[in-house]
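Q: Below is one structure. I have some questions about it.
Numbering (my numbering), first residue to last: 5 to 102.
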């Protein structure tokens with residue numbers, strides 16, 4: 005087991021990833037599909053929020069660390085299922101579900 009990270013520490017820990025995504029329920033312009041198109045998919049970090057979603061200041065902090073906020077579509081997913089949805093889409097886009 006490892007120690008838990010603070011939100012800021014987790015963002016810093018993910019800074020090595022070529023693509024950093026933050027699914028956010030209030031994002032209107034960038035879909036997950038659009039974020040994945042043409043992006044390097046060798047190293048991807050996905051930061052999903054807690055029940056109730058991210059606070060605007062948390063989104064702003066994540067963006068300072070190079071995360072792009074994106075939408076998973078018109079539905080609000082549970083905090084347990086949002087990571088699975090995002091990771092499945094990433095695997096599909098990378099051609100890893102063949």
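We put the beta carbon where it would ideally sit given N, CA and C, even for glycine.
#1: Check whether the stretch 26-38 touches the stretch 59-77, counting contact only when three or more Cβ pairs, one atom from each stretch, lie closer than 8 Å.
#2: In terms of DSSP beta bridges, what is residue 35 paired with?
#3: Would residue 117 and residue 15 qualify as a contact pair, given that the criterion is a beta-carbon distance under 9 Å?
#4: Closest by CA to residue 62, which one among 7, 6 and 12?
#5: Could you tell me which of 5, 41 and 79 sits nearest to residue 57, measuring between CA atoms?
A: Considering the structure as presented:
#1: A contact exists between the stretch 26-38 and the stretch 59-77.
#2: 75
#3: Past the edges of the chain, shown from 5 to 102, lies residue 117, and the structure says nothing about it.
#4: 12
#5: 79
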